[in-house]
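Numbering (our numbering), first residue to last: 2 to 188.
Positions of the beta carbon are idealized from the N, C-alpha and C atoms, including for glycine.
Small disclaimer: the values here were computed from a predicted structure and weren't measured.
Beneath this line is the structure, given in structure tokens, with notes to follow.
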Amino acid sequence: MNKEDKENLKWLRVFKSQQKTRISVIMATLQAQNLFFSSSSSSPSGDTFPVGCAFDECNVHHKYFPENPDHLNPKYNTMLRVYSEGCGLNIVLMSWGVDDYMYLIAKENKTSLPLAGLFIIRYHSFYSLHKHGAYQYLMNKEDKENLKWLRVKYDLYSKSKVRIDVEKVKPYYVSLIEKYFPAMLKW
Numbered sequence: 002m003n004k005e006d007k008e009n010l011k012w013l014r015v016f017k018s019q020q021k022t023r024i025s026v027i028m029a030t031l032q033a034q035n036l037f038f039s040s041s042s043s044s045p046s047g048d049t050f051p052v053g054c055a056f057d058e059c060n061v062h063h064k065y066f067p068e069n070p071d072h073l074n075p076k077y078n079t080m081l082r083v084y085s086e087g088c089g090l091n092i093v094l095m096s097w098g099v100d101d102y103m104y105l106i107a108k109e110n111k112t113s114l115p116l117a118g119l120f121i122i123r124y125h126s127f128y129s130l131h132k133h134g135a136y137q138y139l140m141n142k143e144d145k146e147n148l149k150w151l152r153v154k155y156d157l158y159s160k161s162k163v164r165i166d167v168e169k170v171k172p173y174y175v176s177l178i179e180k181y182f183p184a185m186l187k188w
């Protein structure tokens, strides 16, 4: 058995089924579907990116970043500045977004999701990383392992011509929420 096969077996044992990745993606996309929040344009949404280091050109709307005071601050606009290489995304401050909010909700409510599931929730909108490969110098070994799962499940915007009967699938997804989260959530 080669190294890749062993790694795949490891992930299969961790997840056993796709349930944990499905519920992670659901949590990461609740805001986009407006299930819990108003559709106010002031609500946090969109792509997220690290702060405290140079902005990467892969970030969406990078051309507007010069309007951000951090862009001109030499304290924050070098590659690593306040971080060290390989420090781990868990200590990197990110721009505020719904993914971080849902991650904090999951963590505060002591979800039984594995760390890879929480990673999917937290970095779902970090497109400059999982789509373009930016900011990898901040990642540690665990981040690199978890990124594999995020890349499998990240695409919120995929479209299908098949219409899903929401009422038909709702019991399944409600059962996943009940399985991995307590009955009463702290918001």
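Per DSSP, the bridge partner or partners of residue i
i: M95; result: P51
Straight-line Cα distance separating residue j from residue i
i: T49; j: H133; result: 13 angstroms
i: Y102; j: K142; result: 24 angstroms
i: Y124; j: S96; result: 11 angstroms
i: V99; j: Y77; result: 24 angstroms
i: I92; j: P51; result: 10 angstroms
i: I106; j: W188; result: 6 angstroms
i: Y173; j: L139; result: 37 angstroms
i: E86; j: Q137; result: 9 angstroms
i: A135; j: L90; result: 13 angstroms
i: E109; j: I121; result: 16 angstroms
i: C88; j: G118; result: 20 angstroms
i: L73; j: E58; result: 15 angstroms
i: Y181; j: P75; result: 44 angstroms
i: S129; j: V163; result: 29 angstroms
i: L177; j: V167; result: 15 angstroms
i: A185; j: E179; result: Residue identity check: residue 185 is Met in the sequence provided, not Ala. M185 and E179: Cα-Cα distance of roughly 10 angstroms.
Local conformation of residue i per DSSP, three classes
i: Y181; result: helix
i: I165; result: coil
i: A107; result: helix
i: Y124; result: helix
i: G118; result: helix
i: W188; result: coil
i: Y136; result: coil
i: E58; result: coil
i: N147; result: helix
i: S129; result: helix
i: S176; result: helix
i: S40; result: Bear in mind that the predicted position of S40 carries a pLDDT of just 49, short of 50, making it unreliable; the figure below should be weighed with that in mind. Looking at S40 - three-state DSSP - the assignment turns out to be coil, as it is neither helix nor strand.
Unbroken beta strand (DSSP E) runs of length 3 or more, entirely within the stretch 61 to 105: which are they?
Listed in chain order, nothing qualifies, since the stretch 61 to 105 has no complete beta strand (DSSP E) run of 3 or more residues.
Would the stretch 145 to 153 and the stretch 75 to 85 be scored as touching if the rule is three or more Cβ pairs under 8 angstroms?
no
Would you call the stretch 61 to 72 and the stretch 112 to 126 touching, i.e. three or more CB-CB distances under 8 angstroms?
no
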